[in-house]
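Have a look at the structure below, then the notes.
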Amino acid sequence: ETAIMLGSVDTNPAMMVLYSRFFTPVDAICPGPGGHLVQTVHDPFGRGRNVVVVGASTDDDLLAAAEALAEAVAAQPKGNSLKLPRLFTARYGPELLKRMAWVAQPPAEGRLTEGLRQGQRALDEGQHTSIAGILERVAQRYLLTQHSVEAKLFVALWEIYAKSAVADPRKYGGPWGFDSDFPSHRVVAGWDVIEEDPALTDDERLAVTRAMGRWIAEAVAPKVGNATNHVPHNHQTFPGLGVLFAGLYYTQGYETLEGPRWLAAGDNLFRAQAPRFKPHEDCNGYQWLTNGHQFRYAMARPDFTIVEAGSARKIVDFLIGNMDNFGIQVPYGDTGSWRCWDSELICLDIFAFLTDDPAARWAANLKRRDRNLFQLHSFTQLEDGPVPTAYNGVRVWPLEPMYYQSFKEEQAPPVEQCFDKISFRQSVDPKDPYLLLDGLSNGGHKHLDGNSIPRITQFDRIWLADNDYFKAQTKYHNSVLIFKDGQATPIPSYTALVGAGESARYGYSRTRMTGYSGMTWDRAIVWVKPLGAFVVLDKLTAEEPDEYQLRLLWHGVGAPTLSAEGLKLEQKGPSYWIQPGPGPQLSLYNDEELGTNWNGYPHAEPVVRSMTGLARVRLEKGESYLYATVLHGAADGEARPWQLRYAEGADGVVITTEQGAFAVGLGPVDTATPFGRAVSDAHVIVADGEGLSLLGVSQAVMDNQVLPLGDERSSLDLPFEGVGRLISQIPLREPTANLQPGGQAPAHKSLWEQRPQPELQLISGNKGAAGAVDLGVKLTSNPAPAPRNVFNATGANRVEALLDGSTANSTDTSVMFEPDQTITLDLDLGAAVEVRRVKWTQWWATSSSRNTKYLLRKATVAVSNDAFATDRRVLGEVTDAGPHPNFGTPIPYEVNGAAAARYVRLVIEPQPGSAVYLAELMVEGKVPAEVAATPYHITAVAPARDGERSRLLVATVEGEVMAFDRDGNCEWVKHLPGRLNDVVAADTDGDGRDEVAVARQDFHTTLLDHDGQELWSREMKFYRRTPFVNLVRAGDIDGDGIPEIIAGGENWRFYAYRADGTELWNYEAVHPARSGAVADLDGDGKAEVICGTHYYSATVLNTDGTRRWAYSFGPICYDVATGSFDGDKTRGVVFGGGDGIVHYLDSAGKPRLKYNTGDEVRRVATGDLDGDGRDELVAGSLNYNLYCFGADSQRRWRRDLGAAVTALAVLPEAKVVVAGTADGRLVTLDSSGEIVALTDLKAAVVDLALDGEAVMVATDDGRLRRLLAR
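Letter by letter, the sequence shown follows residues 85 to 1354 of our numbering.
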């Protein structure tokens, strides 16, 4: 029998399982209004029954679908029975075609060849999910077109994929590739449809079925595991869906042993989790992947336990509660962008599909409109719902009990005291305040952010920044850091809920962590509803007597103004104050690296403004320190600061605003008042002009009168006349004084100072670029740039970005024009100067995800002194037929010449059918000597030997390698294209004169001779990521007396080259290189290579590039050093971790010390400071402390330098340590940690190198100095 199904999955319930298993795509958006789809589906459920889908997204289009079926029926021979051939008639609606035009087009010529090329590239470049990801996309193309070439491509891809699946210990992710199981359910489902294509042979069908079964058995099924006693994570549920679909396929069509086992594995995983509402991840992106898989399982199996058990309702409520008023999931955990992800949408749409829930409909469509989302096969629900109110107020989001059991800890509060999140929301209007408080510091893809505030939105803006993928440490969150005697313990995994609630005028939460670096941290958030503001009180109580360094951390976005009152942020109209109370030392760091997560945010620069309130105090057991912060603003940009003063004898503050004064304090309280003695167990007490508010109260006595309260804690506003007048009479206290760090010492003796600058000035004035001069430059274009960059819907795409000096080459800093337009760029330099060179960088792509090419045909450069009225002099012309890699980095072009001119014109003609896409425009020339120019930006310095003489090598962002002699004379300059990331010297030919190895941003490792002439360059290839060369090291790894060159790349690989440039090996270190060392650890005369990466491990390699041992920590290994710690030929290893820990291991990788400094350890070094023949190890942390440890792992001393340590070296001959700091000080300390020399260099220290008794220092103002080390 054959079933005929009409309509879509939204109008015909019988189509649900067919749709859920990817046999048909018909829903609200596919084929879409104005379209229809008629298709036959062969025996989808293994019951010998076929299906004819007569599909349409709307009732109006269903008639056309029926007519298409009728035409197919009419075309068959007349008779007593009807036998339909395989049918596929698709007419897609205009909305779908606008997004996926290819579905209505015939297959591209060479589609099979191009598809195979893409598959091979996925293997060669180590693409995430490998060829499985390509197979998923081919399957989708086939489902929407049923082009036989896609079926043939699917088969051919399986052939090369199966052949490639050979075990290789150097290949991360296994024989089938990294996370190849992720698309497994779509690949299997796709094959279930593709195998019916008449163009395939039975041999091809059998080959794919076998290869796919092998893949499921080897790469998918082993990852599923179970969830009986713990909550699952996405690395289980991705393959869990894969085995579900594989189990269905291999049981319905074949008699196999594996089919039922795979089906059972999927059932066991998802059925165990169905009654629960939180998976393994505490991450507002990944957790929805896992929950989304749970919903997809429910639909495809089908099994609706998730709904019947009530967990679906809890999932959706929690989802919306964790969503800000813009419809964006608050990006806590490993997320990244301020916009978070869109993985949650499938949960909302399926829940709305199953229950018709109005809140889920409203939230899903809010997200769709905001992000212009269009997701096929995702149960898209286009019918909107009313604006909900159920998520307003103060809401405590409870913790899933099985999550707690999965991460149970002895010191954790009882599960009933724990919470997941707490939200404060006036309404879902973006103009109204929303705040989220996090309760967890554990889970999959976790961040150490318990008790932090990841987001506040108000005035149609986002104010707090708390989002990155890798930077999980507490310091990157709106939190508190605690250091006890320079050491820290990890932030507790769970936060205890003391209480939460609200009255008509105030809302509150009070939460607590104990055992946090020797302190108890109480955080109270008070929502001042009438003023639309928040007060945050952080009470830190010493559990042990000691010296504590405390940091109150706030991160925001907007144009910043730091003053004694706090941090004011402005975002194109509205402004917002983050105002700590007086006492802590306030500082502001403009974090551009963290700001990359804010690219595309329309109201502020992509820079995170990080304010720290630092307090150094000595506390006895039971004594406390109180931070108070008010967060408030104005929609019109005119927010004025409030006044905060501390109340005497209480944990509270008096706050004065333009609207009046109020006081906020922590309970319980037992104190005299003008109304009599007040006694209450309230969690928070607020007094204002309206009276007294008791928040979280169960008992209250005023002047011996017991106030009538209920049996449970509640929050209420009590009118008391005269309270407002008495606020001014509250006794006040002075802020707690800070202890002072560091010490005094004589300045270092300066030997010389240089500030090298380019020979030519950058007369186009590119912001911050070396040599840039400001002559009043103006840039125009004709025609104007395209209305938007097709790769960045929210970017400005303005021509001014071509002079922004940015080397990021992102869609935010590049400028796109419409296809087939010849572009004229006119630059008024502001004055007539000598023009020497015109350079620009331009993107090249023969294809793109937006079906646009970006190819240069010809460019012409001309100059003029009268704006090209009559004076037009052509400097030169550039043509380019390619080829170049698609995207990656922009292609540099330049025209040289010498001409006196005020105006420069660049005319760029693209190849037919392509567009101009520019990254930067630069004009170089000469200006009068008195015009100040921006200096070079130094990235690294290194010592070198030139026979008996010493040298200083300098690498710059601008591509210069410079060599200075010991007297400060520049001996030579070598220009290389693009940024230089590292430099090292080594005598690779044995002549006593060091050669120079350079790590280049343009993917090359280069070796120069001692005079700066290039000996060789080797290009890294793309593998997983763009192959920037991040570092170079040198060492003799084969024991022949000649050092090899080691290079670490952004492409997850470390490379070893002989002195002549021959590649010896490369090793996949897993994630980008961040640090490295070459040292003979075992004393056999051959050096090992130590690879530090951006992820959670470092690896030590043998001389042949194979792994010797690995050590897990991080994320991010910032620095590596080795030392002679055992009095023999072996060397131990020291890692500086992004986890804030100093890791010290022996030569075999056995840990000897893990010392938690509480902040990133950016610098480590070793040397024998006490002359006992064994090295000490020193470490510099961003917590401002410098540490020294002995070979016995005991701390010798600690010194608070008052600023982050940015450079570090040990000079054993003088038995001193030399450190540079972020506030520009050079500090020399003796073997006991006493400061013996101190110089204020007025700019942050970038790097330093030792030369005998001297130290060579580079600072971020472009200066080089040589000073005596002590």
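Backbone N, C-alpha and C define an ideal beta-carbon position, used for all residues, glycine too. From a predicted model like this one, the values you see are computed outputs, not experimental measurements.
**Asked** Could you give the distance in angstroms between the alpha-carbon of Ile537 and the alpha-carbon of Arg452?
**Response** If you draw a straight line from the Cα of Ile537 to the Cα of Arg452, it comes to about 26 Å.
**Prompt:** Which residues bound the beta strand (DSSP E) around Ile847?
**Reply:** From DSSP, Ile847 is part of no beta strand (DSSP E); its letter is neither H nor E.
**Message:** Between the alpha carbons of Arg1246 and Val499, how many angstroms are there, rounded?
**Reply:** 37 Å
**Prompt:** Looking only at its own chain, which residues have a Cβ that is under 8 Å from the Cβ of Arg920, when we skip the five neighbours before and after it?
**Reply:** Leu844, Asn980, Gly981, Ala982, Glu1008, Gly1009, Lys1010
**Request:** Can you say whether Ile88 is buried or exposed, counting buried as having 16 or more other CB atoms within 10 angstroms of its CB?
**Result:** Exposed: under 16 other Cβ atoms inside 10 Å.
**Request:** Taking Lys182 as part of the alpha helix (DSSP H), name the residues at either end of that continuous run.
**Result:** Per DSSP, Lys182 belongs to the alpha helix (DSSP H) from 178-183.
**Item:** Residue range of the unbroken beta strand (DSSP E) whose run includes Tyr103
**Value:** Per DSSP, Tyr103 belongs to no beta strand (DSSP E); it is in the alpha helix (DSSP H), 100-104.
**Request:** Identify whether Asn1269 lies in helix, strand or coil by the three-state DSSP scheme.
**Result:** strand
**Message:** Once DSSP output is grouped into helix, strand and coil, what is the label at Gln336?
**Reply:** Under the three-state reduction of DSSP output, Gln336 falls in the helix class.
**Message:** So, for Trp836: in the same chain, excluding its five sequence neighbours on each side, which residues have a beta-carbon less than 6 Å away from its beta-carbon?
**Reply:** Gly1052, Arg1350
**Message:** Taking 8 Å as the threshold (C-beta atoms), are Arg1258 and Val1300 in contact?
**Reply:** Contact annotation: Val1300 and Arg1258 have beta-carbon atoms that are not nearer than 8 Å.
**Message:** According to DSSP, Lys623 sits in a beta bridge with which residue or residues?
**Reply:** Under DSSP, Lys623 forms a beta bridge with Asp606, Leu710.
**Request:** Have a look at the DSSP bridge pairing and note the partners of Cys502.
**Result:** Ala580
**Request:** With a floor of 3 residues, list each beta strand (DSSP E) that falls wholly inside the segment 210-267, ordered by position along the chain.
**Result:** none
**Item:** When His120, Val125, Ala223, Thr1090 are compared against Thr86, the one with the closest alpha-carbon
**Value:** Val125
**Request:** Starting from Arg345, follow the alpha helix (DSSP H) in both directions and report where the run begins and ends.
**Result:** 342-357
**Asked** Cα separation between Tyr256 and Lys851?
**Response** 41 Å
**Prompt:** Can you name, in chain order, every residue of its own chain whose Cβ lies under 6 Å from the Cβ of Ala206, other than the five neighbours on each side?
**Reply:** Around Ala206: Ser214, Ile215, Ile218.
**Asked** Looking at the structure shown, is Asn318 part of a helix, part of a strand, or coil, going by DSSP?
**Response** helix
**Request:** In angstroms with no decimal places, state the Cα-to-Cα distance between Ala356 and His314.
**Result:** 9 Å
**Request:** Give the range of the alpha helix (DSSP H) segment to which Ala447 is assigned.
**Result:** Per DSSP, Ala447 is one residue of the alpha helix (DSSP H) stretching across 442-455.
**Request:** Pick out the complete alpha helix (DSSP H) segments inside the segment 761-832, 4 residues or longer, and give them in chain order.
**Result:** 807-810
**Request:** For Cys431, name the three-state secondary structure that DSSP assigns.
**Result:** helix
**Request:** Consider the C-beta atom of Gln824 and the heavy atoms of the ligand ADP; say whether any pair is separated by less than 7 Å.
**Result:** Judged by which ligands are present, the structure shown has none, so any question about the ligand ADP falls away.
**DSSP beta-bridge partners of Gly326** = Beta-bridge pairing by DSSP links Gly326 to no other residue.
**Request:** Give the secondary structure of Met296 by DSSP, where H, G and I count as helix, E and B as strand, and everything else as coil.
**Result:** helix
**Asked** Where does His1227 fall in DSSP's three states?
**Response** strand
**Asked** So, helix, strand or coil for Gly203, using DSSP?
**Response** helix
**Message:** I'd like the list of long-range same chain contacts for Gln1173, defined as Cβ closer than 6 Å, with 5 residues on each side in sequence excluded.
**Reply:** Going by the sequence as given, residue 1173 is Val instead of Gln. Closer than 6 Å at the Cβ level, and outside the excluded window around Val1173, lie Ile1130, Val1162, Leu1185.
**Prompt:** How is the alpha helix (DSSP H) around Trp372 delimited, first residue to last?
**Reply:** 370-384
**Request:** Report the rounded CA-to-CA distance for Ala443 versus Ile430, giving the unit in angstroms.
**Result:** 14 Å
**Asked** By Cβ distance, which residues of its chain are closer than 7 Å to Asp276, with the 5 residues on each side in sequence left out?
**Response** Only residues of its own chain outside the window of five on either side were considered, and among them Tyr333 have a CB closer than 7 Å to the CB of Asp276, listed in chain order.
**Item:** C-alpha gap between Ile278 and Val874, whole angstroms
**Value:** Looking at the two C-alpha atoms, the distance is approximately 33 Å.
**Message:** Using the three-state DSSP reduction, which class does Ala396 fall into: helix, strand or coil?
**Reply:** helix
**Inside the segment 1021-1077 only - beta strand (DSSP E) runs reaching at least 3 residues** = 1022-1030, 1033-1040, 1044-1049, 1054-1059, 1064-1070
**Message:** Could you tell me which whole beta strand (DSSP E) segments of length 3 or greater appear in the segment 1268-1330?
**Reply:** 1269-1273, 1279-1284, 1289-1295, 1300-1305, 1309-1314, 1319-1324, all fully within the segment 1268-1330.
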